[in-house]
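Report on the structure given below.
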Amino acid sequence: MRKFTSLASLVLAGLLVVGCSSANKELEETSAQDLYTKGQTYLQDGDYNSAIRYLDAIGAKGGQGTFGEQTQLSLIFANYKIGEYYKALDAAERFVRAYPNSASMDYVYYLAGLSNARLGDNFIQDFFGVNRASRALDSVRNAYGSFQTIVQHYPQSQYARDAQNWMAYLINRMAEHELSIVKFYDEREAYVAVVNRVEEMMRFYPESKPTYQALSYMQKAYEQMGVKDSAEKVAALIEANKDKNFPEAIKPEYSEQF
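Residue numbers for the sequence shown, in mature numbering (1 follows the signal peptide of the UniProt record, and there is no 0): -23 to -1, 1 to 235.
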């Protein structure tokens, strides 16, 4: 029985090799024009994996000059749709370098922003998994940067309004993350670290609710360190803003309209 199983495994492996060889041979023998046409057809049909296979093969044919811009746009989109967000970001980075004056640049930054936003989901809950949280926070910051680029440089873009909504949400998430760190330091009575962190929040996220919430930890830290004047100033700041209406950070829907 063991010999039979081993033999079956070898036969199956051989069939897979033959299948892969046949598929690769097909790509090698297909012209760049036909690869592009088939790739776009698969893309329209929602078969994103097949679309990527054909579109990726165009580069080996030297067809990037003719089809390069649209091919890269399609690869960004297809990789995003199948959840290959790092590959989508790599394709977006290549596009920005190769076609800096493209009329589709806002679209590229939008998909880059959405890809990074996906990668940054749930990073606050992962705070204590330090390495993972750091990577996710970088993704959130990069998402914010992409959306900010759209708002600042392409204000008439169809994606500008959604980019603004994402910016408001993401900046609040980053502030919430900082607040979680402030609480972490407070629990360990690391009061200098508390003050330093809240000062950073005031500098980078001055209008966010988490920053206002962090002020009470700053006041406590100054009191514990015996810095009475600073504690009183923070208390006055808390009182002055107690009735302030901070904008709600509502997470935008991930758009499917591109």
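For glycine and all other residues, C-beta sits at the position ideal for the given N, C-alpha and C.
In summary, G97 is buried, with 16 or more beta-carbon neighbours lying within 10 Å of its beta-carbon over all protein chains present. Taking all protein chains shown into account, A75 has fewer than 16 neighbouring C-beta atoms within 10 Å of its C-beta and is therefore exposed. Inclusion of S123 and A152 in the CB contact set at 7 Å is not warranted, their separation being larger than that value.
Within the same chain, F223, P224 come within 8 Å of E184 by CB-CB distance, once the 5 residues on both sides are set aside. The C-beta distance from I53 to V85 rounds to 6 Å, short enough to meet the 8 Å contact threshold. Rounded to the nearest angstrom, the gap between the Cα atoms of A34 and Q141 is 36 Å. Taking C-alpha positions only, V117 is separated from Y13 by approximately 33 Å. A68 and M144 have their alpha carbons spaced roughly 23 Å apart.
Contact between Y19 and A9 fails: their C-beta atoms lie close to 16 Å from each other, not under 8 Å. By the C-beta density criterion, Y231 is exposed, having fewer than 16 other C-beta atoms within 10 angstroms. In the structure shown, P187 adopts helical secondary structure according to DSSP, grouped into three states.
Within the model, the alpha-carbon separation for S51 versus L4 is close to 18 Å. Between Y168 and A198, the C-beta spacing is below 7 Å. Taking all protein chains in view, the Cβ of G203 is surrounded by fewer than 16 other Cβ atoms within 10 Å, so the residue is classified as exposed.
Sequence-distant Cβ neighbours of R165 in its own chain, meaning closer than 7 Å and more than five residues away, do not exist here. S92 sits close to Y57, with the two beta carbons spaced by under 7 Å. In the structure shown, R165 falls within a coil segment according to DSSP collapsed to helix, strand and coil.
Taking a C-beta distance under 7 Å as the contact criterion, A137 and V128 qualify as a contact pair. The residue among G45, A94, F161 with its C-alpha nearest the C-alpha of E61 is A94. Taking all protein chains in view, the Cβ of I59 is surrounded by fewer than 16 other Cβ atoms within 10 Å, so the residue is classified as exposed. A Cβ-Cβ distance of about 16 Å is found for the pair Y182 and V171, leaving them out of contact under the 8 Å criterion.
Going by DSSP, Y13 is part of the alpha helix (DSSP H) stretching over 9 to 22. Residue ranges of uninterrupted alpha helix (DSSP H) with 4 or more members, entirely inside the region 29 to 103 and ordered along the chain, are 41 to 58, 62 to 75, 82 to 96. Between Y194 and V175 a beta carbon distance of about 6 Å is seen, short of the 8 Å cut, so the two are scored as contacting. Its Cα nearest to that of T126, the residue M82 stands out among M82, S207, E155, E209.
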